[in-house]
Amino acid sequence: MSDEPREARAPTGTRDVLWPESWRWEVLVATFAGQVEAAAYGLVLNPMFEYASVFRRGIGDDSDVVGKEMYEFADRDGQLLALRPEGTASVVRAFVQHHPVPPYKAWYVTPAFRHERPQAGRYRQHHQVGIEALGVADADLDVEVVALADGFFRAAGLSRFVLKVNSMGDGTCRPGYLALLAEVLTERRDQLCDEHRDRVAANPLRVLDCKRPACRAATEDVPRLVDHLCDACRVHHRRVLEGLDALGVPYEPDHRLVRGFDYYTRTTFEFASAAIEAAQNGIGGGGRYDGLVEMLGGPPTPGIGFGIGIERVLLACDAEGALPAVPPALDAYVVDTAGGVAARDLTAELRRAGLRADRAFEGRSMKSQMKTADRSGARLALIVGPGEQEAGTVSVRPLRGDGEQRSVPRDQVVDVVRAARGEERP
Ligand SMILES: [Zn+2]
Ligand SMILES: [Zn+2]
1245 MSDEPREARA PTGTRDVLWP ESWRWEVLVA TFAGQVEAAA YGLVLNPMFE YASVFRRGIG
1305 DDSDVVGKEM YEFADRDGQL LALRPEGTAS VVRAFVQHHP VPPYKAWYVT PAFRHERPQA
1365 GRYRQHHQVG IEALGVADAD LDVEVVALAD GFFRAAGLSR FVLKVNSMGD GTCRPGYLAL
1425 LAEVLTERRD QLCDEHRDRV AANPLRVLDC KRPACRAATE DVPRLVDHLC DACRVHHRRV
1485 LEGLDALGVP YEPDHRLVRG FDYYTRTTFE FASAAIEAAQ NGIGGGGRYD GLVEMLGGPP
1545 TPGIGFGIGI ERVLLACDAE GALPAVPPAL DAYVVDTAGG VAARDLTAEL RRAGLRADRA
1605 FEGRSMKSQM KTADRSGARL ALIVGPGEQE AGTVSVRPLR GDGEQRSVPR DQVVDVVRAA
1665 RGEERP
């Protein structure tokens, strides 16, 4: 075990988010909550760690996320645990454990832990918001789920992103397609990338999904799953696309959009930002997983959901100039050079009245307190020196824009601050 570094710093691949940048996180999460709760999704809180088997079964042993990146450890009791690498498996595990009456519609906000190679836009602890809807196979639910993700991105101020949609078929139609795809790709084995040349038959969908130019070229004109769907999957897929059209949600069909595990069925989708570079432009994605509840020990239950990466969304916001880190200003800063009683009582009154107020402590000089008041970004300084104290007044000094300092009776100060805030609102 290597020594811990002595200097105070966050572990490799992690970061702290300080104010005011953290204010954007508050806005994003509140925006997300507002959108999905309006569609009857309720917050679910899961542990940050699970028995490792939950993710091994729920995401898949041979996925990179589980096989190469998951933080897995035995705790002091020798139980094999893993830090949550994504959101879905824990929510589905909780559904199996508590069996709420379906349809079960839940949303989450969670850190996700992956031991990735540190690089721009990738963190070993990143954060996701997402929803899961369990117990409904209706294609209109797919439309609802995709539209909620689209609506969230737009509410965050993004417009330069692309939604890609595909169908994975199901247990009826996919096996035949996979055999066909494996056959075609085996004929083209020599054209594939090094990783996939010898493993075509094991998982031909991986080849379809491969980003390397060799595999991209070799799969450009292979048979497409959407052309080999069974009747039920075809009807479902058509209904999804019709619904997105009806709701005005733009999308592009993408036959490469596949997931390599059997419990993924039918609708699959991804959002990519056109404003940030391709290596990290995936801002969210999801799909239907009608086999996952059974995989985790529950009864056959259809399900669909998505996860959205908060850090990626913020990168896209930066690139599009959306959601600047400008929190609402303080309404007032109390400058008290008469012993601090006014500062103590006035800030409390202002805050009880729903106003944002701060003050200086430790009886510092007028000059020092005014400097702090300026730096605080407050609209008004409320100044109480011995003169004001004596007269029962407060000197109200605008700190931004024009406006004269004026003397206000102590008992009218809260109203004056509230009125000043009202005037500045558009
Ligand atoms: Zn490849
Ligand atoms: Zn099918």
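Quick note, the sequence shown lines up with residues 1245 to 1670 if you use this note's numbering. Yeah, the Cβ is synthetic: ideal placement off N, Cα and C, and Gly gets one too.
Option nearest P1494 by Cα separation, candidates G1395, Q1363, I1627: Check the Cα spacing between P1494 and each of G1395, Q1363, I1627: the tightest is with G1395.
DSSP three-state assignment for H1440, whether helix, strand or coil: Helix, per DSSP.
Whole-angstrom distance between P1653 and L1624, CA atom to CA atom: Taking the straight line joining both Cα atoms gives about 16 angstroms.
For R1503 and P1543, the rounded distance between their alpha carbons: If you take the alpha carbons of P1543 and R1503, they lie about 22 angstroms apart.
Assigned exposure category for M1610 - 16 Cβ within 10 Å defines buried: The Cβ neighbour count for M1610, taken over all protein chains shown within 10 Å, is under 16; the residue is labelled exposed.
Cβ-heavy atom distance, D1414 to ligand 2, below 8 angstroms: Yes, ligand 2 has a heavy atom inside 8 angstroms of this Cβ.
Simplified DSSP assignment, three categories, for P1670: Note that P1670 scores 48 on pLDDT, short of 50, meaning its location in the model is unreliable and no value can be drawn from it.
F1317, buried or exposed, once every other Cβ within 10 Å from all chains shown has been counted against 16: Under a 10 Å Cβ-count criterion, F1317 is classified as exposed, with fewer than 16 other Cβ atoms of the shown protein chains found around its own Cβ.
D1575 burial status per 10 Å Cβ neighbour count (16 or more: buried): Around the beta carbon of D1575, 16 or more other beta carbons lie within 10 angstroms, which makes this residue buried.
At least three beta-carbon pairs within less than 8 angstroms, the stretch 1428-1446 to the stretch 1477-1496: No contact exists between the stretch 1428-1446 and the stretch 1477-1496.
Contact belief for I1548 with L1385 at Cβ below 8 angstroms, rounded distance in angstroms: Confirmed, Cβ separation roughly 6 angstroms.
Option in L1287, P1419, P1355 with minimal Cα separation from R1328: Just measuring C-alpha positions, the residue of L1287, P1419, P1355 sitting nearest R1328 is P1355.
Nearest candidate by alpha-carbon position, reference R1337, set L1485, L1473, L1536: Distance check between R1337 and each of L1485, L1473, L1536 places L1536 closest, using alpha-carbon atoms only.
Closer than 8 angstroms: H1481 CB and nearest ligand 1 heavy atom: No, Cβ of H1481 sits at least 8 angstroms from all heavy atoms of ligand 1.
Any non-hydrogen atom of ligand 2 closer than 8 angstroms to C1477 Cβ: For ligand 2, at least one heavy atom lies less than 8 angstroms from the Cβ of C1477.
Nearest-angstrom Cα separation, counted from P1255 out to F1293: Per the coordinates, the alpha-carbon of F1293 lies some 18 angstroms from the alpha-carbon of P1255.
Environment of S1651 [buried if 16+ CB atoms lie within 10 Å]: It is exposed - the Cβ of S1651 has fewer than 16 other Cβ atoms within 10 Å.
Spatial distance of V1470 from G1413 (CA atoms): The alpha-carbon atoms of V1470 and G1413 are separated by roughly 8 angstroms.
Beta-carbon spacing of A1377, A1350 below 9 angstroms: In this structure, A1377 lies near A1350, with their beta-carbon atoms less than 9 angstroms apart.
Expected contact under 8 angstroms - CB spacing of I1552 and G1374 to nearest Å: About 6 angstroms separates the Cβ atoms of I1552 and G1374, confirming a contact at the 8 angstroms cut-off.
Simplified DSSP state of H1359, which is helix, strand or coil: In the structure shown, H1359 sits in coil (DSSP, three-state: anything other than H, G, I, E or B).
H1359 versus E1330: straight-line alpha-carbon distance, rounded: Distance between the alpha carbons of H1359 and E1330: 12 angstroms.
Meets three-Cβ-pair contact criterion under 8 angstroms: the stretch 1554-1566 and the stretch 1507-1514: Not touching, per the Cβ criterion.
Check: V1288 C-beta below 8 angstroms from any heavy atom of ligand 1: V1288: no, Cβ never under 8 angstroms from ligand 1.
Of the residues Y1315, G1257, Y1507, E1265, the one placed nearest Y1367, counting alpha carbons only: Among Y1315, G1257, Y1507, E1265, the Cα nearest to that of Y1367 belongs to G1257.
Buried or exposed (CB count within 10 angstroms, at least 16 for buried), W1263: W1263 should be labelled exposed.
E1388, buried or exposed, once every other Cβ within 10 Å from all chains shown has been counted against 16: Buried: at least 16 other Cβ atoms inside 10 Å.
H1370 (DSSP reduced to helix, strand or coil): In the three-state reduction of the DSSP assignment, H1370 falls in the strand class, which pools E and B.
Rounded separation between P1630 and V1660 - CA only: Cα atoms of P1630 and V1660: separation of roughly 21 angstroms, rounded to the nearest angstrom.
Assigned exposure category for V1261 - 16 Cβ within 10 Å defines buried: A residue is called buried when at least 16 other Cβ atoms come within 10 angstroms of its Cβ; V1261 does not meet this threshold and is exposed.
Any non-hydrogen atom of ligand 1 within 8 angstroms of H1499 CB: No; taking the cut-off as 8 angstroms, the Cβ of H1499 has no heavy atom of ligand 1 nearer than that.
R1456: CB within 8 angstroms of a non-hydrogen atom of ligand 1: Remark: the C-beta of R1456 is in contact range of ligand 1, defined as less than 8 angstroms to any heavy atom.
Distance between beta carbons of R1268 and L1567, contact taken as under 8 angstroms: Cβ-Cβ separation between L1567 and R1268: approximately 5 angstroms, consistent with a contact (criterion under 8 angstroms).
Proximity of H1343 and S1411 at Cβ, strictly below 9 angstroms: Not closer than 9 angstroms, so no.
Strand pairing of T1354, partner residues [DSSP]: Within the DSSP bridge table, the entry for T1354 names Q1372 as partners.
Length-filtered (3 minimum) beta strand (DSSP E) runs lying within the stretch 1470-1529: Listed in chain order, the complete beta strand (DSSP E) runs (minimum 3 residues) inside the stretch 1470-1529 are 1509-1517.
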